[in-house]
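Have a look at the structure below before the remarks.
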Amino acid sequence: MVVVTKFCFDEKVVAVFQDMIRRSVPGYALIVSLIGVIAEKYLQKSTRFYDLGSSLGAVSIAVNAVASSRSCEVIAIDSSAAMIHQAQQNFAHIDSASNIQLIHADVCETNLAKASMVVLNFTLQFIPVENRQSLLKRIHDGLLPGGVLVLSEKIVGETAWQQECLYELHHDFKRANGYSELEVSKKRDALEGVMITEKMVTHQQRLMDVGFTRVEVVFQSLNFVTMLVFK
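Counted the way the working numbering counts, the sequence shown spans residues 8 to 238.
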């Protein structure tokens with residue numbers, strides 16, 4: 008009998024997080040690099056950059072050089088104490104990371120101010136569905152005029168056929184990266200009820216409902232999408 012425990016961002020997950028992301032999320036490294044490119048274009052001088060659900064801080068590091076050159080604060084927030092602790096350990100070896108503020112807090116309770124760019128990089132899918140609109144509204148209201156949100160999410164296909172196709176290809180991707188059938192199955196069961204994915208149209212409508220004016224898909228690989236969202 009295989010015992011499956013619910014997924015959480017504890018010390019065990021933190022220890023394998025980078026490898027897990029690389030093997031599970033197609034294009035993850037490219038997404039992180041792309042966020043750095045977006046910061047070059049949209050991060051405004053003397054403002055704040057928020058990395059909500061920052062995990063080990065890869066996004067914050069990618070943006071930090073631009074932020075430093077523009078006198079911007081980089082604020083990385085995560086609800087996992089284990090993630091924050093490991094990020095602190097990692098940042099200790101990176102001189103430029105001294106500009107990054109690491110905060111252990113619930114992103115849903117974070118007050119944003121003076122922000123010109125906010126990132127939710129595969130974070131919203133772990134927020135209870137009933138709390139997602141209020142979080143996005145909080146982000147919208149905390150952004151300055153001309154500010155942007157970068158939202159990366161695993162999505163559900165618009166049709167049953169599309170969902171089945173993307174689902175199978177994603178699991179093929181994980182198998183090609185060394186996951187066994189048992190590991191794929193256990194991870195799926197562990198994430199059930201913890202990570203709740205939605206259709207692209209649901210994300211778009213919610214973003215427009217809270218006041219954003221435009222949503223552009225800037226990256227997609229299988230069922231993983233990055234959106235650039237304009238206030």
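Ideal placement from N, C-alpha and C gives every residue a C-beta, glycine not left out. Bear in mind that the values here come from a model prediction, so they are computed numbers and not experimental data.
Would you check if the distance between the CB atom of residue i and the CB atom of residue j is smaller than 7 Å?
i, j, result
"Tyr35", "Val125", "no"
"Val155", "Tyr49", "yes"
"Val232", "Val222", "no"
"Ala65", "Val39", "yes"
"Leu142", "Cys115", "yes"
"Ala122", "Gly149", "yes"
"Ala104", "Val73", "no"
"Glu171", "Lys206", "no"
"Ser67", "Val81", "yes"
"Ser62", "Asn106", "no"
"Ser87", "Ser53", "no"
"Leu173", "Asn230", "yes"
"Leu41", "Phe226", "yes"
"Arg55", "Gln140", "no"
Apart from the five residues just before and just after residue i, which ones in its own chain have a Cβ nearer than 6 Å to its Cβ?
i, result
"Val91", "A small correction: the amino acid at residue 91 is Ile; Val does not occupy that position in the sequence shown. Around Ile91: Asp85, Leu109 and His111."
"Phe129", "Ser159"
"Met27", "none"
"Ala83", "Asp58, Ser61, Gly64, Ser67, Ile107 and Leu109"
Identify, in the order they occur along the chain, each residue of the same chain with its Cβ nearer than 7 Å to the Cβ of residue i, setting aside the five sequence neighbours on each side.
i, result
"Arg29", "Tyr35"
"Gln211", "Val222"
"His147", "Val217, Gly218, Phe219 and Lys238"
"Asn71", "Val81, Ser103, Ala104, Asn106 and Ile107"
"Asp113", "Ser86"
"His177", "Leu229 and Asn230"
"Ala69", "Val39, Ser40, Ile42 and Gly43"
"Lys194", "Note that Lys194 scores a pLDDT of 48, beneath 50, so its modelled location is shaky; the value from the coordinates is reported in the next line. Here the set comprises nothing."
Mind reading off the beta-carbon distance from residue i to residue j? Whole number of angstroms is fine, and I expect it under 8 Å.
i, j, result
"Leu119", "Leu158", "Not quite, the Cβ-Cβ distance comes to about 15 Å (not below 8 Å), so this is no contact."
"Leu37", "Thr117", "No, Leu37 and Thr117 are not in contact; Cβ-Cβ is about 27 Å, not under 8 Å."
"Phe219", "Val208", "Their Cβ separation, rounded to whole angstroms, is 15 Å, which puts Phe219 and Val208 out of contact at 8 Å."
"Gln51", "Gly153", "7 Å"
Once you ignore the five residues that flank residue i on each side, which residues in its own chain have a CB closer than 8 Å to its CB?
i, result
"Met239", "Nothing about residue 239 can be read from this structure; the chain reaches only from 8 to 238."
"Asn138", "Cys115"
"Gly185", "Arg30"
"Gln95", "Leu109"
"Met215", "Val222"
At least three beta-carbon pairs within less than 8 Å, the region 92-107 to the region 133-149: no
Complete runs of the alpha helix (DSSP H) confined to the region 108-154 [at least 4 residues]: 136-149
Every unbroken beta strand (DSSP E) within the region 40-79, with a cutoff of 3 residues, ordered by chain: 55-59
Complete runs of the alpha helix (DSSP H) confined to the region 199-228 [at least 4 residues]: 207-216
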